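Undergrad: Residue numbers (this note's numbering): 3 to 244.
For every residue, glycine included, the Cβ atom is placed at its ideal position computed from N, Cα and C.
Note that the structure is a prediction, hence the values are computed from the model and not measured.
Handing you this structure, nothing more for now.
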């Protein structure tokens, strides 16, 4: 009876989408940030560099996946999720995206300290800006409020090189377009043939796909930012679908 009612209502079974846990303080800060940036145009957002770290697993992302299949068809490899022992190889990377494309991709091999993060910024961020002939005075740098990223040493480094920082509320990946880029990169590397079976092979595939990222997709992400801010206001500072 319940199943029939669910079917009549047009409801389907979906995996729960993971979203950040937001406290009332988070929601308040998100709403204030959204109001402050409501009237930013795509041209304004084009001056922002979005950055983040991400982990990529050799055998795909963590978590369960669901699919639809006809009963009695047996094990079709296309509809199975390959299970591997825990602790499989993975690669942690840092990268950023600018209006003109992607940055140099940095592989993180050890726990990153403030000094290590400054080295990444000096080599990868400043190097990317130099390669694209972008003036340090014309951009704003976005990075999460991770403890190692907001020390006095990091602030001094950015100030010394005249890099302005975009104020960024905690627990707000919905606003960071590089999260969408990470998802796209994950899909592309796991579609590679042959598939990577070691961390080093995965790192090679990550670099190939990252540097070949479609510029039209990056343009689309930047164009989506005014809509993202409006959605944030619509949810009064809560999670959005982005």
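Just checking my contact of residue 241 with residue 21 at CB under 8 angstroms: how many whole Å lie between their CB atoms?
TA: 4 angstroms
Undergrad: Quick one: what's got a C-beta closer than 6 angstroms to residue 233's C-beta in the same chain, skipping five residues either side?
TA: 242
Undergrad: Alpha helix (DSSP H) containing residue 174: first to last residue?
TA: Run containing residue 174: none; DSSP gives neither H nor E here.
Undergrad: Between the stretch 42–51 and the stretch 93–107, are three or more C-beta pairs nearer than 8 angstroms?
TA: Result yes; three or more Cβ-Cβ pairs closer than 8 angstroms.
Undergrad: Locate the beta strand (DSSP E) running through residue 108, then write down its first and last residues.
TA: 108–110
Undergrad: The beta strand (DSSP E) with residue 51 in it runs from where to where?
TA: 50–59
Undergrad: Name the one or two DSSP bridge partners that residue 142 has.
TA: 50, 166
Undergrad: Give the C-beta separation of residue 43 and residue 228 to the nearest angstrom, bearing in mind that I take them to be a contact with Cβ-Cβ under 8 angstroms.
TA: 7 angstroms
Undergrad: Whole angstroms are fine: how far does the CA of residue 57 sit from the CA of residue 124?
TA: 22 angstroms
Undergrad: Using beta-carbon positions only, say whether residue 32 and residue 40 come within less than 9 angstroms of one another.
TA: no
Undergrad: Can you find the residues in the same chain that come closer than 6 angstroms, C-beta to C-beta, to residue 155, ignoring five residues on each side of it along the sequence?
TA: So the qualifying residues of the chain are 116.
Undergrad: Is the Cβ-Cβ distance between residue 114 and residue 153 less than 9 angstroms?
TA: no
Undergrad: Let me know the secondary structure DSSP gives residue 95 once reduced to three states.
TA: strand
Undergrad: Please report the distance separating the alpha-carbon of residue 198 from that of residue 38.
TA: 44 angstroms
Undergrad: Can we count residue 138 as close to the ligand SAM, meaning its CB is less than 8 angstroms from some heavy atom?
TA: With respect to the ligand SAM, the structure offers nothing, as it holds no ligand at all.
Undergrad: Relative to the C-alpha of residue 211, which residue among 189, 223, 134 is closest?
TA: Nearest of 189, 223, 134 to residue 211, Cα basis: 189.
Undergrad: Of the choices 35, 52, 61, 34, whose alpha-carbon is the least far from that of residue 196?
TA: 61
Undergrad: What does a CB cutoff of less than 8 angstroms around residue 238 pick up in its chain, not counting 5 residues either side in sequence?
TA: 29, 33, listed in sequence order.
Undergrad: Please check the pair residue 53 and residue 180, which I expect to be a contact at CB under 8 angstroms, by giving their CB distance rounded to whole angstroms.
TA: 7 angstroms
Undergrad: By DSSP's criteria, residue 180 is part of a beta bridge. Which residues make up the other side?
TA: None, per the DSSP bridge assignment.
Undergrad: Just the C-alpha distance for residue 132 and residue 193, rounded to the nearest angstrom, thanks.
TA: 32 angstroms
Undergrad: Residue 241 lies in the alpha helix (DSSP H); which residues open and close that run?
TA: That residue, residue 241, is in no alpha helix (DSSP H); it is neither H nor E in DSSP.
Undergrad: Please determine, among 235, 217, 201, 221, the residue with the shortest C-alpha to C-alpha distance to residue 94.
TA: 201
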